[in-house]
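Okay, structure first, notes after.
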Amino acid sequence: MSRRTIGLIVLLVGVVSIALTTFIVFNPEAPKSVRELGKYYIANTTRDVSSPEAVTAIVWDYRGLDTIYETVVLYMAIVGGLAISTTTRKVSLKTRTGLTSIARTGTRIIVLLIATIAFAIALHGHLTPGGGFPGGSALAITVMLIVPVYTLQSLLDQGVSSTRLIAVRGLALTALGLVAILPVIKGLEAVTNLKFYPSHVAGMLISGSLWLYNLFEFLAVASGFAAVALYLSIPEEVYREEIKGGE
Amino acid sequence: MEGFVYVLFIVVLAVNALLSIYGIVYRRSLVKKLISLTILSDTIFVSIILVGFIFKYPVVPPVYIGVSGEETYLLEHGSDPLPQALVLTGIVIGLAVNALIAFGVIQVYRLTGTTDAKRAIRVLVEEVMEE
Amino acid sequence: MIVTLIVFTVALILSLVFIYYAITEKDLLKAAVFSAGQSVSYAILLHTMAAPDIAMTYLAVSVGLYSALLVFVISKTERYEE
Amino acid sequence: MLVIVMTSIDPLTLVLAIGTPLYLAAAVLYSIRAVRGPTIPDIILAVDCLSYDLAVFLSAIALYYKTPFMTAPPIMLALWVYLLDIYASKYLITREVGV
Amino acid sequence: MIEQVLFWTGSALFIIGGVFDLLGSIGLLRFPSFYVRLHAATIGAIYGAVLPLIGISLIALGSPGIPGNYTIAGASFVTALILLVVAPMGSHVLAHAAHKSKSVSWKPFVDMLEEDEEK
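Protein chains in written order, with the working numbering: chain A, 858 to 1104; chain B, 162 to 292; chain C, 33 to 114; chain D, 828 to 926; chain E, 11 to 129.
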């Protein structure tokens, strides 16, 4: 046995023995009921926010301001990353290898399924678990899958460029901010929900601003991570030429 | 039995966090530091969710279906929504910050030709001294 | 309840093993794959703790986007740590 | 209705209690191959099998907790489990992922 | 009556799938080389994941006491279909990469694929 395996066995035995000693000596009780604050949120979410989903209600209504500022942090981090690795050269790749035709066909089916499920998760976020964050990350995975299987150049040929993605992202963030600020014109506080937005539209429950927030957050997260994927997949030769040309 | 698994949960999460802190501090490769950093943040997210979990048989997510008499059932058997809501944004923000760090690591490799933290600093210092 | 407790124990041990090998591995591509295994075992913990929102977000971010990001970083830098 | 479901002793728990140890034993054996595997394809193959195994497992837990809201995570896990395969293969073949 | 039949058929599929999964994992652990292990991995993926997922959807159809049991049944069936597409594709891509990059050491008597590609 190598030293790593012996270290792992020592670690496992140590962990189990520490847990056993603590359990025998102190005999702690596992928690059996939710704390009072959690019970408040569970009991009042349908009345306060008119959303059956307590988590989305907390994310976008009870603590909505918090989430909007975190979205700004997300925007800053992605813009900072893209600013570090920017290039002035136009990217065009001559060789396109891609993967085998079996992988291409399968990926076409899977990408369609991922896009469908991402939209379903994002637009149903106020009724079932899900929302803008998981849906947006799921949609970004389609771009992440297309890049190695069909190559970066095929995406660029289809018109999916990083400048356009960043534009979509900026528009989505602006819309998110507008949804947050719009109640001010009627003299209400920013990020108010049910006093300004209707809870039902055409007989369907949209839980006020929750549906809008989920939609715009979905677009913002998806386009941001897709832009990161496109920047990461630019071959290293482009940057090497840029550094050489600059000197 | 529940108590033992609860203690084991806490001990294993603590050991995971210690292992990843070892990776962040003592490993010299910047990519290994990045991997350890994500493992640390994931461990912290799981331990936050553990705060809101209750050790009962049917535990359900805090979502209403529309069945009669459901509110008492959810109050009795639902998990705590507050830690879940706090972690939900944190995961995505964590990925964005890690992407920023990844771009930084790639840029360091382009400038110095290495991802070893100490050697990269040495290369940069030598370049400054030559000028 | 007993099924939940068994699942917790096995998933915790799996996560500990994967994290130990991810931290001590010299080949960074192997470390990235072990990190993906750790993500899967944490995802089953989160799902069993009745947090499907978090499990979905975590699966999308950590199993999907994060492993792709790591392979990108490794392909643009070097594969072995000395 | 829910209270009636809770109080009756159902055969579902019995089936799951027989079935789950098999899957967990398989998961442990897969992870042994994952940590022992000499080359990268071996490790990725073992992690893939572990993920397929756990996709079954997540569905079984949704059935065990008797809630319809926990069915989306196994679908998502199954959808992009093979992303790591594609990235690692592309890296092994061409060293550069985007071309 | 039909519910009982569905429930017990699904349970049988679930437990048989567990046995197949265990067999596949033993094969993955015991077989000597990567290309042989692909065979065991296929057993673990198709018989050990697709079959029990169909079993779970049958169990959910056969137990009407669970709220939203049709959702569980449909989602499990969709997961089974997705795995049926994804698992062979992942193995194919991995085997292709292993053969192209020669990162797996093996001593075949004859390598037809390499001979074909050299032509």
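Ideal placement from N, C-alpha and C gives every residue a C-beta, glycine not left out. Note that the structure is a prediction, hence the values are computed from the model and not measured.
Work out the CA separation of residue j and residue i for me, nearest whole Å.
i	j	result
Gln1010 of chain A	Thr954 of chain A	10 Å
Ser208 of chain B	Ile171 of chain B	8 Å
Phe17 of chain E	Gly78 of chain E	16 Å
Ala1084 of chain A	Ala263 of chain B	14 Å
Phe41 of chain E	Gly27 of chain E	21 Å
Arg283 of chain B	Thr273 of chain B	9 Å
Leu885 of chain D	Val166 of chain B	20 Å
Gly164 of chain B	Val873 of chain A	14 Å
Thr847 of chain D	Val35 of chain C	8 Å
Gly1016 of chain A	Leu1076 of chain A	17 Å
Leu1028 of chain A	Tyr857 of chain D	46 Å
Tyr234 of chain B	Thr902 of chain A	15 Å
Val1006 of chain A	Ala977 of chain A	25 Å
Ala900 of chain A	Asp241 of chain B	11 Å
Ala64 of chain C	Ala975 of chain A	26 Å
Leu46 of chain C	Ile210 of chain B	19 Å
Glu110 of chain C	Thr276 of chain B	7 Å
Ala281 of chain B	Ser907 of chain A	55 Å
Ser942 of chain A	Leu1087 of chain A	11 Å
Lys279 of chain B	Leu285 of chain B	10 Å
Pro223 of chain B	Leu236 of chain B	9 Å
Ser107 of chain C	Ser113 of chain E	16 Å
Tyr909 of chain D	Arg961 of chain A	13 Å
So who's on the other strand from residue i, going by DSSP bridges?
i	result
Glu910 of chain A	B:Val224
Val1058 of chain A	A:Met1061
Ser190 of chain B	B:Asp277
Gly239 of chain B	B:Val221
Tyr112 of chain C	C:Asp59
Measure the Cβ-Cβ separation of residue i and residue j and say whether it is below 9 Å.
i	j	result
Leu851 of chain D	Ser101 of chain E	no
Leu179 of chain B	Leu44 of chain C	no
Gly1081 of chain A	Arg1021 of chain A	no
Ser99 of chain C	Tyr914 of chain D	yes
Met88 of chain C	Gly987 of chain A	yes
Gly239 of chain B	Val212 of chain B	no
Ile254 of chain B	Ala995 of chain A	no
Ile925 of chain A	Leu1033 of chain A	yes
Gly20 of chain E	Ser67 of chain E	yes
Leu943 of chain D	Ala882 of chain D	Not covered by the structure: residue 943 of chain D. The range shown for chain D is 828 to 926.
Pro868 of chain D	Phe30 of chain E	no
Leu243 of chain B	Leu1030 of chain A	no
Leu32 of chain E	Ala861 of chain D	no
Val42 of chain C	Val926 of chain D	no
Tyr57 of chain E	Leu71 of chain E	no
Ala59 of chain E	Asp837 of chain D	no
Ile902 of chain D	Ala107 of chain E	no
Ser71 of chain C	Tyr53 of chain C	no
Asn1064 of chain A	His983 of chain A	Asn is not the amino acid found at residue 1064 of chain A; the sequence shown has Ser there. Yes. Within cutoff.
Thr964 of chain A	Ile1003 of chain A	yes
Exposed or buried, residue i, counting other C-beta atoms within 10 Å across all chains shown (16 or more means buried)?
i	result
Lys129 of chain E	exposed
Glu1074 of chain A	buried
Arg863 of chain D	exposed
Ser67 of chain C	buried
Ile200 of chain B	buried
Gly227 of chain B	exposed
His109 of chain E	buried
Glu57 of chain C	buried
Phe119 of chain E	exposed
Glu114 of chain C	exposed
Gln14 of chain E	exposed
Asp875 of chain D	buried
Trp907 of chain D	buried
Pro74 of chain E	exposed
Met897 of chain D	buried
Ser115 of chain E	exposed
Tyr183 of chain B	exposed
Using a Cβ-Cβ cut-off of 9 Å, state whether residue i counts as contacting chain H.
i	result
Pro222 of chain B	Of the protein chains in the structure, A, B, C, D and E, none is chain H.
- [ ] Pair every Cβ in the segment 957-972 of chain A with every Cβ in the segment 1046-1055 of chain A, then say whether three or more of these pairs are closer than 8 Å.
- [x] Put simply, the segment 957-972 of chain A does not touch the segment 1046-1055 of chain A. Fewer than three CB pairs are less than 8 Å apart.
Open item on the list: Three or more C-beta pairs under 8 Å: does that hold for the segment 865-881 of chain A against the segment 1090-1102 of chain A?
Closed with: The answer is no - the segment 1090-1102 of chain A does not touch the segment 865-881 of chain A, with fewer than three Cβ pairs under 8 Å.
Task: Three CB pairs or more closer than 8 Å across the segment 909-917 of chain A and the segment 241-252 of chain B - done: Of all C-beta pairs linking the segment 909-917 of chain A to the segment 241-252 of chain B, three or more are shorter than 8 Å, placing the two stretches in contact.
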